[in-house]
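Residue numbers (our numbering), protein chains in the order written: chain A, 395 to 778; chain B, 4 to 367.
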């Protein structure tokens, strides 16, 4: 069975809070909130497990957390420290396999299929990873072990903290069946509501519904979600070297809520990305918006297009729509960025209402030519 | 309230209304069905605040009254009953007793007064047509609605009323289905009515092959009265794109094709399209149509059909799913495919007031 795949999802437990508790013995065993103080606007980035007992969770407004847990300790986030800690953890993971895909500061996928013979079975590898993280960094991680990424991520979440959960082809259907459809990868709030309003509440319901009846609800997504409901997911662990995204992000010198500034930044980013897509002769189907607020909470929102694009205005429009959907209001933003993924040959499907697509392509080509001669800043769009 | 009814009649009624039931936990009463018993008869009502349905059911009213009960639970209980004769008795605390044969259930309801009323369409205009005609028009077009939430005005169907014509349009920006019906509209009846996709699927389910439907509409609401069964819905807010301008005036080549043969051939060809390369190529040469698909990492397919074609050679790519959608939903044996060149829209027509515009895909 050498073609069997084994994927690990390593998820650090209450990462920011755990680091603070490790470094400050006084915080240990106490409810600790990393984020804005309770007397100010802003939210909790992470909280310790002691705080979770009071009902506090990440992304909760600090004021609410302060009410739920009045004796809790609130500390501001120290992103520099967390990010260097993250590098050390990733280095440990990298010792086990080069097939490593970090997905955020405290989470990564590992494909251990090829190193199994060398290092023992996947569960054994997971156990050794946990041991090393604990011994060398004095932190705990929860690891999910499964035949694919979707199940591995699901597994790591089942027995937090300090968990090690294995999902196999044999038990996957039983584990998936009672879980909420919201656990399916790609089901956001809107899709979840739509599914639930049609009586599809659990992953088991999705499986039983079958592709044809899902298609009327979900369109192109139907097949994909049905596969997930069966516990199938063919996505590869994507290492840095075959990174499959092209993106751009900016951190502001001064945090801002000014929509014009944000729009201008998005437009520049969209422009830069579109240029790069064109120079690589490819197009992207997925557009992801990343926002980091003043309190360092970071969110990403993505949308998958019907057909791949390499057009700056399309990328900008979709990113802006994602931004508006967040209703950030006067919340100050520290970082904004767009990334694109899901590459395919440049859009071949023509649009009925967009007869200018041929013109747009010619314009883009002209812009690329001018830039090649006179530099990137020589020509560009503006927001009004 | 006290009712006696036959299990099947009751289930029929519940089936009509229960799709609309909301699962939004913020307003639990929206998960309930309102049952109202009066001398004139018994009705069931559900709503999710966007769409509401009310239908009459056959039941004997022993005592008048009204109650709201959890719709899905009620449905499963009644479905499982062993006897056909069922008695529903509701006390003044909204607790319902269901008695049938040896089975007895008590379920807790919520008061009628908390249930949101279906909106009354005041000052509405209206028109009436055959249910079958509307059902058929929706079937021929609704598959072309968009699922893309960022193009929300396209997430539904347009009913355009003007000059004694009803035009039913759906599009997702890449293809467009349209049915144009001659109507005898009340004088000066004009309107652009935009139905959300949920409303479209509910109306499609409720429409029958006989009887008539009366449509009432205001600026932002619409209702369908189908022989006593009433559906009321919000309209999609926004302006539908100018669909007229994307219908090509006249095509250079009009090709007659056997619908089923063409459909089958496309189905086979589409077995070899992939996510990366999801086009099939139609290659028209003298009296021949070759349908090919190839995906570098999957394989390729090729199929030839003998057709009657005398025009110039055309090679054009399409998303096979978009080509098959109308073929699956039409009944005519013969369709006409009109083409201009490889980058201009194709049009599928039949010998009836229907057309389908489809944009090609660029193929290498």
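Note that CB positions come from ideal geometry on N, CA and C, so glycine has one too.
Item to check | Same chain, Cβ closer than 7 Å to residue 437/A, neighbours up to 5 away in sequence not counted | outcome: Start at 1 with the first residue of the first chain, and residue 437/A comes out as number 43. Within the same chain, residue 437/A has close Cβ partners 429, 430, 453, 454, 455, 456, 689, 691.
Checklist entry - Are the C-beta atoms of residue 743/A and some chain B residue less than 8 Å apart? => result Taking the first chain and counting its residues from 1, the one referred to as residue 743/A is at position 349. For residue 743/A, the answer is yes, since a Cβ of chain B falls inside 8 Å of its Cβ.
Item to check | Span of the beta strand (DSSP E), counted from its first residue to its last, around residue 128/B | outcome: For the purposes of this step, residue 128/B is taken as residue 125 along the second chain, with counting starting at 1. Note, residue 128/B: beta strand (DSSP E), 128 to 133.
Checklist entry - Using a C-beta to C-beta distance shorter than 8 Å, which residues of chain A count as neighbours of residue 204/B? => result Stepping through the second chain from its first residue, residue 204/B is reached at position 201. By Cβ distance, chain A contributes 610.
Next on the checklist: Measuring only the C-alpha atoms, how far is residue 102/B from residue 119/B?
Outcome noted: For this step, residue 102/B is matched to residue 99 along the second chain. For this step, residue 119/B is matched to residue 116 along the second chain. Spanning the two alpha carbons is a distance of roughly 28 Å.
Next on the checklist: Could you give the first and the last residue of the continuous alpha helix (DSSP H) run that contains residue 478/A?
Outcome noted: As a position in the first chain, residue 478/A is number 84, starting the count at 1. Run containing residue 478/A: 473 to 490, per the alpha helix (DSSP H) assignment.
Checklist entry - Between the stretch 687 to 701 of chain A and chain B, which residues of the former have a C-beta closer than 7 Å to a C-beta of the latter? => result 697, 700
Checklist entry - So which residues on chain A does residue 25/B lean against when the C-beta distance must stay under 7 Å? => result By 1-based counting over the second chain, the position of residue 25/B is 22. Under the 7 Å cutoff, chain A gives 591.
Checklist entry - Between residue 185/B and residue 211/B, which are expected to be in contact by the criterion C-beta below 8 Å, what is the C-beta distance as a whole number of angstroms? => result The count along the second chain starts at 1 and reaches residue 185/B at position 182. The count along the second chain starts at 1 and reaches residue 211/B at position 208. With a Cβ gap of about 22 Å, residue 185/B and residue 211/B do not count as contacting.
Item to check | Whole-Å CB distance - residue 71/B paired with residue 110/B, under 8 Å assumed | outcome: On the second chain, position 68 is the one that residue 71/B refers to. On the second chain, position 107 is the one that residue 110/B refers to. Rounded, the Cβ-Cβ distance is 11 Å, inconsistent with contact.
Checklist entry - Any residues in the stretch 564 to 585 of chain A with a beta carbon nearer than 7 Å to a beta carbon of chain B? Which ones, in chain order? => result Residues are counted here when their Cβ sits less than 7 Å from a Cβ of chain B; for the stretch 564 to 585 of chain A these are 584, given in chain order.
Next on the checklist: Using the three-state DSSP reduction, which class does residue 47/B fall into: helix, strand or coil?
Outcome noted: By one-based count along the second chain, residue 47/B stands at place 44. Residue state, collapsed to three classes: strand.
Checklist entry - Does any residue of chain A bring its CB to less than 8 Å from the CB of residue 366/B? => result Position 363 of the second chain, counted from the start, is the residue given in the question as residue 366/B. With 8 Å as the cut-off, residue 366/B counts as an interface residue toward chain A.
Checklist entry - From residue 214/B to residue 135/B, what distance separates their C-alpha atoms? => result The count along the second chain starts at 1 and reaches residue 214/B at position 211. The count along the second chain starts at 1 and reaches residue 135/B at position 132. So the alpha carbons of these two residues sit roughly 8 Å apart.
Next on the checklist: Is residue 747/A close to chain B? Criterion is C-beta to C-beta, closer than 8 Å.
Outcome noted: Counting from 1 along the first chain, the entry for residue 747/A is found at position 353. Residue 747/A counts as touching chain B.
Checklist entry - Are residue 561/A and residue 548/A touching if we call contact CB-CB under 8 Å? => result For this step, residue 561/A is matched to residue 167 along the first chain. For this step, residue 548/A is matched to residue 154 along the first chain. Yes, they are a contact pair.
Checklist entry - Between 315/B, 107/B, 7/B, 242/B, which lies nearest to residue 84/B when the distance is taken from Cα to Cα? => result Residue 84/B sits at position 81 when you count from the first residue of the second chain. Per the Cα distances, 107/B.
Checklist entry - Which whole runs of the alpha helix (DSSP H) in the stretch 519 to 594 of chain A are 4 residues long or more, in chain order? => result 543 to 550, 566 to 570, 583 to 591
Checklist entry - Which residues, in chain order, does the stretch 146 to 163 of chain B contribute to contact with chain A at a C-beta distance below 7 Å? => result 150, 151, 152, 153
Item to check | Cutoff 8 Å: residue 179/B Cβ touching any chain C Cβ | outcome: Going by chain labels, chain C is absent from the structure shown, which instead holds the protein chains A and B.
Item to check | Contact list for residue 657/A against chain B, beta-carbon separation under 7 Å | outcome: As a position in the first chain, residue 657/A is number 263, starting the count at 1. Going along chain B, no residue has its Cβ under 7 Å from residue 657/A, so there is no contact; the nearest lies around 17 Å.
Checklist entry - Does the beta-carbon distance from residue 640/A to residue 623/A come in below 8 Å? => result Here residue 640/A refers to the residue found at position 246 when the first chain is read from its first residue. Here residue 623/A refers to the residue found at position 229 when the first chain is read from its first residue. For residue 640/A and residue 623/A, no; Cβs fall outside 8 Å.
Checklist entry - Three-state secondary structure (DSSP) at residue 8/B? => result Position 5 of the second chain, counted from the start, is the residue given in the question as residue 8/B. Three-state DSSP puts residue 8/B in a strand.
Checklist entry - Cβ of residue 732/A within 8 Å of Cβ of residue 713/A? => result Position 338 of the first chain, counted from the start, is the residue given in the question as residue 732/A. Position 319 of the first chain, counted from the start, is the residue given in the question as residue 713/A. Cβ atoms of residue 732/A and residue 713/A: closer than 8 Å.
Item to check | Within chain B, the residues that residue 712/A reaches when beta carbons sit closer than 7 Å | outcome: Working through the first chain from its first residue, we reach residue 712/A at position 318. Neighbours of residue 712/A on chain B, chain order: 153.
Item to check | Backbone secondary structure at residue 694/A - three-state DSSP | outcome: Mapped onto the first chain, residue 694/A falls at position 300. Residue 694/A: strand per DSSP, three-state reduction.
Checklist entry - So is residue 453/A in contact with chain B if we call contact Cβ pairs under 8 Å? => result What you label residue 453/A is simply residue 59 of the first chain in a count that begins at 1. No - not a single Cβ of chain B is within 8 Å of the one on residue 453/A.
Item to check | alpha helix (DSSP H) segment containing residue 327/B, residue limits | outcome: Within the second chain, numbered from 1, the residue matching residue 327/B stands at position 324. Per DSSP, residue 327/B belongs to the alpha helix (DSSP H) from 323 to 332.
Checklist entry - By the 10 Å Cβ neighbour count, where 16 or more other Cβ atoms means buried, how is residue 253/B classified, buried or exposed? => result The sequence position of residue 253/B within the second chain is 250, counting from 1. With fewer than 16 other Cβ atoms within 10 Å, it is exposed.
Checklist entry - Interface residues of chain B around residue 604/A at Cβ under 7 Å? => result As a first step, residue 604/A is located in the first chain; it is residue number 210 there, counting from the start. What residue 604/A touches in chain B: nothing, since even the nearest Cβ is about 17 Å away.
Checklist entry - Can you name, in chain order, every residue of its own chain whose Cβ lies under 7 Å from the Cβ of residue 445/A, other than the five neighbours on each side? => result Residue numbering aside, residue 445/A sits at position 51 when the first chain is read from its first letter. Around residue 445/A: 425, 426, 427, 463, 466.
Checklist entry - Going by beta carbon distance, what residues of the same chain come within less than 6 Å of residue 326/B, once the five residues before and after it are set aside? => result The count along the second chain starts at 1 and reaches residue 326/B at position 323. Cβ neighbours of residue 326/B beyond the five flanking positions: 269.
Item to check | N- and C-terminal bounds of the beta strand (DSSP E) containing residue 159/B | outcome: Position 156 of the second chain, counted from the first residue, corresponds to residue 159/B. From DSSP, the beta strand (DSSP E) with residue 159/B extends over 159 to 165.
Next on the checklist: Could you check whether the stretch 655 to 673 of chain A touches the stretch 701 to 711 of chain A, counting it as contact only if at least three pairs of C-beta atoms, one from each stretch, sit closer than 8 Å?
Outcome noted: yes
Next on the checklist: Give me the residue from 49/B, 122/B, 303/B, 154/B with the minimum Cα distance to residue 30/B.
Outcome noted: As a working mapping, residue 30/B is identified with position 27 in the second chain. When each option's Cα is compared against that of residue 30/B, the closest is 49/B.
Checklist entry - Comparing the C-beta of residue 613/A with each C-beta of chain B, is any distance below 8 Å? => result Position 219 of the first chain holds residue 613/A. Output row for residue 613/A: interface = yes.
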